[in-house]
Structures are given as C-alpha cells and as structure tokens.
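Notes follow the structure.
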Amino acid sequence: MRSLPRWNRRLAGCFILRYVEEPSYDEIARSTNLPVPTVGTYLHRARNELRGMLGPLLDSSPSDSASTPA
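Every letter in the sequence shown is one number past the one before it in this note's numbering, and letter 40, counting from 1, is 109.
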C-alpha cells in the first residue's frame, strides 16, 4: 500500500471503495461524483499499476530466494 499515495486521491478512493467495501461502479460513481466510465478507467489503471508492481514478486518462485541444501 506504500505506493497508493502516488495515485491521485480520486483513483485511490475508487480503488479502496471497490476492493474494500465492494460497491458497484454505479455506487462508486455516485459517491465520488464521477462518471461511471471514469470510475472504470481509474480501476483499470489501478489494477495495471498493482500488477506491474507485484508482478516481479509473484513471478519469483520460492526456490529463487531460498538456498538449496547441498
């Protein structure tokens, strides 16, 4: 969550609402006063950024970081 502050407040707000409180896109749009397509765009951007940040962590296997006994 350290990188969330890099996001603008509306993008972060949409992301937190969607994945913590789980409202529909319409409900997020009403509560943030944004158009529904903008909510979708923000959530898409947030997911892509997280995928980019977490990708290297998720792609590394446990054997990459653990030493194997001889």
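Each residue gets a CB set at the ideal place from its N, CA and C atoms; glycine is no exception.
Would you mind stating whether Y94 and G109 have Cβ atoms separated by less than 8 Å? Residue numbering aside, residue 94 sits at position 25 when the sequence shown is read from its first letter. Residue numbering aside, residue 109 sits at position 40 when the sequence shown is read from its first letter. Yes, the pair counts as a contact, with Cβ atoms nearer than the cut-off.
Assign L127 to buried or exposed, taking buried as 16 or more other Cβ atoms, counted over all protein chains shown, within 10 Å of its Cβ. If you number the sequence shown from 1, residue 127 lands on position 58. The residue is exposed, with fewer than 16 neighbouring Cβ atoms inside 10 Å.
Close-in-space but distant-in-sequence residues of the same chain around I97 (CB under 7 Å, 5 per side omitted): Counting from 1 along the sequence shown, the entry for residue 97 is found at position 28. Counting only Cβ-Cβ distances below 7 Å, and skipping sequence neighbours, we find C83, L86, R87, V108.
Buried or exposed for L123, please, with buried defined as at least 16 other CB atoms from any protein chain shown within 10 angstroms of its CB. Counting from 1 along the sequence shown, the entry for residue 123 is found at position 54. When all chains shown are included, L123 counts as exposed.
From the DSSP output, in three-state form, read off E118 for me. If you number the sequence shown from 1, residue 118 lands on position 49. Looking at E118 - three-state DSSP - the assignment turns out to be helix.
Per-residue DSSP class, three states only, for P104: To locate residue 104, count along the sequence shown from 1; it is residue 35. Three-state result, P104: coil.
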